[in-house]
Amino acid sequence: MDARLNYMSQPNAGKAMKYFLSGAKALQDSALPSATQELVALRVSQINGCAGCIDMHTKEAAAAGETALRLHLVAAWREATVFTDAERAALELAEEGTRVADAAPGVSDEVWARAAEHYDEGQLTALVVHISFMNMVNRMNIITRQPAGDYEPGQLH
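Take our numbering: the last position of the sequence shown gets the number 162, and nothing is skipped along the way.
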C-alpha cells in the first residue's frame, strides 16, 4: 500500500508538520512519564484504527523497555493487572477524550477527577495535549492511508 500524500514534500504542509513535530517533542520532554505517553498514544491509535501510529508507538515503547505483556494488554487495560492506578486513569481519560462523539458530553467529571488524583496540573495539561495531538495525527494518517510495518524506533522521536 502506498500513502496518498507525502506531507513533507509539500512546502506549506511540510512547514506545518515541522511545527507539529516540534510540539510533540515538547510533550516528550514534559513531566508526564514517557511510559504513560506511549501507552496513551497506543490506546488512542488502537481506538482510531491508525496502523502507522500503532506500529510506531508499539516499537518506541518496546525500545524504551516496555514489556510485551503490557503492550499486548493495552487494548484490555481495564481487566489487566499490569497497569498502575495512574496509568489506568490516563488510559481512561484517553478513551473518553478520543470517543467524544460516542461519549457525549465528553470527558466525565469522574474520569477527570481520577486523572487529577495522579497527575498535577502540568502533567494533566501535557496529557490533554498529547491525547489531542494523537487524535489529530491518527486522522491525518488514516485519511492519507499511511502504511504501517516499516517504522524503526527513533525514526520520528
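Backbone N, C-alpha and C define an ideal beta-carbon position, used for all residues, glycine too. Since we're looking at a predicted model, the values are computed, not measured.
- Taking C-beta atoms under 8 Å as the contact rule, A81 and L98 fail to qualify, at a distance of about 17 Å.
- By a beta-carbon distance limit of 8 Å, S113 does not contact E126. Their separation comes to about 19 Å.
- Looking from the CA of V105, the closest CA among M13, M6, K30 and N53 belongs to N53.
- Annotation for N11: no alpha helix (DSSP H) segment contains it, and DSSP assigns it neither H nor E.
- With respect to T149, A46 sits apart: the two C-beta atoms are not nearer than 9 Å.
- In this structure, the CA atom of E92 is about 24 Å from the CA atom of L161.
- Residue range A56 to A68 is occupied by the alpha helix (DSSP H) that includes C58.
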